[in-house]
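Residues 290 to 434 in the working numbering are what the sequence shown spells out, letter by letter.
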Amino acid sequence: MPIPRTAALADGAPALRTFLVEDSALIRESLVAALEELAPVQVVGWADGEAAARRWLDEHGDDCELMIVDIFLREGSGLGVLKAARGLAARRVVLSNYATRDMREACLALGADRVFDKSNEVDELIAYCQRVATGAPPTVPGALG
């Protein structure tokens, strides 16, 4: 669903337009608040299932610069969302409680730029967003310094 807002960095530069795919309303609301407060991010839309995410991407896929995708959704899977986003210019990251080695490899093979664990890597996600929004080279796991 689109979220009509505009945001900018403190210096007036535009925020990173972000599409969020997360089925838990509580996590989604908390994540939007944290990202928009701590990172140069503007959430421009969200979906809670694969079909809704695919529809949003069909209609607005060129309107976002970053996608944050959970694996387990209300319907379908974040893996299907990653497949659907393959032709888009947006960076794609996964934020999941199921960030096992095998799942990380599967997500990277489907075009994810990074995979973050919800339970202990949210700070790394925020640092990633800050770097991408300011044009700094994105980080790789273990290289956030």
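Where is the CB? At the ideal position from N, CA and C, for every residue including glycine.
Item to check | Straight-line Cα distance separating residue 416 from residue 324 | outcome: Roughly 10 Å separates the two Cα atoms.
Item to check | As assigned by DSSP and simplified to three states, the class of residue 434 | outcome: With a pLDDT of 36 at residue 434, under the threshold of 50, the modelled position of that residue is not reliable, and the figure given next carries that caveat. Note: residue 434 maps to coil in three-state DSSP.
Next on the checklist: Is residue 410 close to the ligand FAD? I mean its beta-carbon at under 7 Å from any heavy atom of the ligand.
Outcome noted: In terms of ligand content, the structure shown is empty, and the ligand FAD therefore cannot be addressed.
Item to check | Assigned secondary structure, residue 341 (DSSP; H/G/I helix, E/B strand, else coil) | outcome: Residue 341: helix per DSSP, three-state reduction.
Next on the checklist: Here's a check: name, in chain order, each residue in its chain whose Cβ is nearer than 6 Å to the Cβ of residue 341, leaving out the five neighbours to either side.
Outcome noted: So the list is empty, once near-sequence residues are dropped.
Next on the checklist: Spatial neighbours of residue 309 within its chain, please: C-beta separation below 6 Å, excluding the five flanking residues on both sides.
Outcome noted: Excluding sequence positions up to five before and after residue 309, its CB lies within less than 6 Å of the CB of 332, 335, 357, all in the same chain and listed in chain order.
Item to check | Limits of the alpha helix (DSSP H) - the one that residue 317 falls within | outcome: Taken as a continuous stretch (DSSP letters only), the alpha helix (DSSP H) holding residue 317 covers 314-327.
Next on the checklist: With DSSP as the reference, identify every bridge partner of residue 356, one or two as the case may be.
Outcome noted: In the DSSP output, where bridge partners are listed per residue, residue 356 has 308, 381.
Next on the checklist: Between 409, 400, 406, which has its C-alpha nearest residue 377's C-alpha?
Outcome noted: With distances taken between Cα atoms, residue 377 lies closest to 400.
Checklist entry - Given 8 Å as the limit, is there contact between the segment 403-415 and the segment 371-389, that is, 3 or more CB pairs closer than that? => result Yes, the segment 403-415 touches the segment 371-389.
Item to check | Boundaries (first-last residue) of the beta strand (DSSP E) holding residue 334 | outcome: Per DSSP, residue 334 belongs to the beta strand (DSSP E) from 330-336.
Checklist entry - Across which residues does DSSP place residue 404 in a beta bridge pair? => result Paired residue(s): 383.
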